[in-house]
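Note that the sequence shown covers residues -25 to -1, 1 to 98 in mature numbering (1 follows the signal peptide of the UniProt record, and there is no 0).
Ideal Cβ placement from N, Cα and C applies to all residues, glycine included.
These figures come from a predicted structure and were not determined experimentally.
Down below is the structure, laid out as C-alpha cells.
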Amino acid sequence: MKSRNLVLAAAGLGLALTGIAPVTAGAETSGDVSVQAVHRKSAKCVSPADQKINISWGDGSVTTTVYYNNHCNQARAIELEFVRESGERFNKCFVAPAKKKSSKEIDNGNPNKVSILNRASCP
C-alpha cells in the first residue's frame, strides 16, 4: 500500500510540475460542461484614427454570441460565415452602432469566418 501511495504521489508531483492537475478519486464533473474557444478581432476606426472596434465570440454549437465594443464614430458591419454539413456556405451579418458596447446572438453556431467590414451596412 505504501509503494502505491508513493507512486501516486510521484505521479501527482510530475503532473503538478508540468502544469497539469491530476484527477483525484473524489473529483466529480458535470456532463454538461464544455470548453469553448474564445476568439477576438479588432479593426481600426476611420475616425477617431487612434481608436478601434473590438469583437469576441465563442465556438457555440447552436448559437454564436458576438460581443462588440465600437469606439468608432461610425457604425461597422460584422459578417459571419457558416458552412452547412453539405458544404454550402452562407453568411449572417449585423451592424454594430457607433460608440456602442453590446452583443448580438446569431442563430447558427461555430462560424467558419468572422469579419469586421469597412462599411456601416451589410451586403
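With 16 other Cβ atoms within 10 Å as the buried cut-off, status of residue 111:
Absent from the structure is residue 111, since the part of the chain shown begins at -25 and ends at 98.
What are the boundary residues of the beta strand (DSSP E) that E80 is part of?
Element bounds for E80: 76 to 81.
For N29, which residues of its own chain have a beta-carbon under 6 Å away from its beta-carbon, when the five flanking residues on both sides are left out?
Excluding residues within five positions, the ones whose Cβ falls inside 6 Å are S17, N44.
A71, buried or exposed, once every other Cβ within 10 Å from all chains shown has been counted against 16
Burial call: buried.
My guess is that K88 and E56 are in contact by the Cβ rule of under 8 Å, so how many angstroms apart are they, rounded?
Going by Cβ atoms, the distance from K88 to E56 rounds to 4 Å, so yes, they are a contact pair.
Residues sharing a beta bridge with N56, DSSP:
At residue 56 the sequence reads Glu, which differs from the Asn that was named. According to DSSP, E56 shares a beta bridge with N66, K88.
So A95 and A52 are supposed to be a Cβ contact under 8 Å. How far apart are they, rounded?
Their Cβ separation, rounded to whole angstroms, is 6 Å, which keeps A95 and A52 in contact under 8 Å.
Close-in-space but distant-in-sequence residues of the same chain around S31 (CB under 7 Å, 5 per side omitted)
For S31, same chain residues with a beta-carbon under 7 Å away, outside a window of 5 residues either side, are V13, H14, R15, Y42 in chain order.
Which of the three DSSP states, helix, strand or coil, is assigned to G35?
G35: coil per DSSP, three-state reduction.
Which term fits P98, buried or exposed, when burial requires 16 or more other beta carbons within 10 angstroms of its beta carbon?
Residue burial is scored here from C-beta neighbours: P98 has fewer than 16 other C-beta atoms within 10 angstroms and is therefore classed as exposed.
Please go through the same chain and pick out, in chain order, the residues whose beta-carbon is closer than 7 Å to the beta-carbon of V37, but skip the five residues on each side of it.
Hits under 7 Å: G84.
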